[in-house]
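Working notes, beginning with the structure itself.
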Amino acid sequence: MTDYINCGDALHQLYEFLDGELTDEKRATIADHLDHCAPCDEAAKFETELRHVIADRCQEEVPEDLMHRIAAALKAARGEA
Ligand SMILES: [Zn+2]
231 MTDYINCGDA LHQLYEFLDG ELTDEKRATI ADHLDHCAPC DEAAKFETEL RHVIADRCQE
291 EVPEDLMHRI AAALKAARGE A
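In structure tokens form, the structure reads like this:
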């Protein structure tokens, strides 16, 4: 059974989704949302990319301007201008 969720819920659970902390059912729900929602898919890709960069650098501190860009991108995806 797949529930439909809105963008706010999808983004709210994005971190847990990427961390693999959700149940299979919830993962399927988020994945389904990302398949059909370009802004959330972009946010997920951006976050995934960022994690790769951070992992590559062995958890070097994330530059503050990058953190601001992430926050802005997530806000934009949520429709909070
Ligand atoms: Zn969405």
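Note that this note's numbering has the sequence shown beginning at 231, numbered continuously upward. C-beta atoms are modelled at their ideal positions from N, C-alpha and C, and glycine is treated no differently. Computed from a predicted model, the values in this text were never measured in an experiment.
{"Item": "From R308, E310 and E279, residue whose alpha carbon lies closest to that of L248", "Value": "E279"}
{"Item": "contact_flag[the stretch 252-266, the stretch 296-309] where n(CB pairs < 8 Å) is 3 or more", "Value": "no"}
{"Item": "Endpoints, alpha helix (DSSP H) assigned at Y245", "Value": "L244 to D249"}
{"Item": "Nearest neighbour of Y245, chosen from A273, Y234 and E310 [CA to CA]", "Value": "A273"}
{"Item": "Run of the alpha helix (DSSP H) containing E310, from where it starts to where it stops", "Value": "From DSSP, E310 is part of no alpha helix (DSSP H); its letter is neither H nor E."}
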